[in-house]
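According to numbering that gives the first Met the number 0, the residues represented by the sequence shown are 0 to 69, in order. Think of the CB as a built atom: it goes at the ideal place given N, C-alpha and C, for glycine as much as any other residue. Keep in mind the model is a prediction, meaning the values are calculated, not measured. The structure under discussion appears below in the form of structure tokens.
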Amino acid sequence: MALPTQKRSRSRQKRREYQYRLKKINLTTCPQCKKQTLPHKACIHCGNYKGKIVVNLEKTKKDKKDKKSK
Numbered sequence: 000m001a002l003p004t005q006k007r008s009r010s011r012q013k014r015r016e017y018q019y020r021l022k023k024i025n026l027t028t029c030p031q032c033k034k035q036t037l038p039h040k041a042c043i044h045c046g047n048y049k050g051k052i053v054v055n056l057e058k059t060k061k062d063k064k065d066k067k068s069k
């Protein structure tokens, strides 16, 4: 099995590790409820996307309660 002929310098090592860092999450505000949400996703607080109700949260909450009770 081959071995490296020279030691990697710290700067070269850090440059490589820099690619695997955690990225900052960009958040936008929902125009309906004014809470922070992920861009290009339906709001998890009110269920709106681009001014339209996409997810009916009241119905999904009711379904979850029914599943737990069974």
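Nearest-angstrom beta carbon gap, residue j and residue i [assumed within contact, 8 Å]
{"i": "residue 44", "j": "residue 29", "result": "7 Å"}
{"i": "residue 35", "j": "residue 21", "result": "In fact, because the Cβ distance is near 18 Å, the residues do not count as touching under 8 Å."}
{"i": "residue 31", "j": "residue 47", "result": "5 Å"}
Residue i, enclosing alpha helix (DSSP H) - first and last residue
{"i": "residue 23", "result": "It is not in any alpha helix (DSSP H) - residue 23 carries neither H nor E in the DSSP assignment."}
{"i": "residue 56", "result": "56-68"}
{"i": "residue 12", "result": "9-16"}
8 Å Cβ cutoff, residue i in contact with chain D
{"i": "residue 3", "result": "Checking the listed chains, one finds no chain D in this structure; it contains a single protein chain."}
Among the options, nearest to residue i - alpha-carbon criterion
{"i": "residue 49", "options": "35, 61 and 41", "result": "41"}
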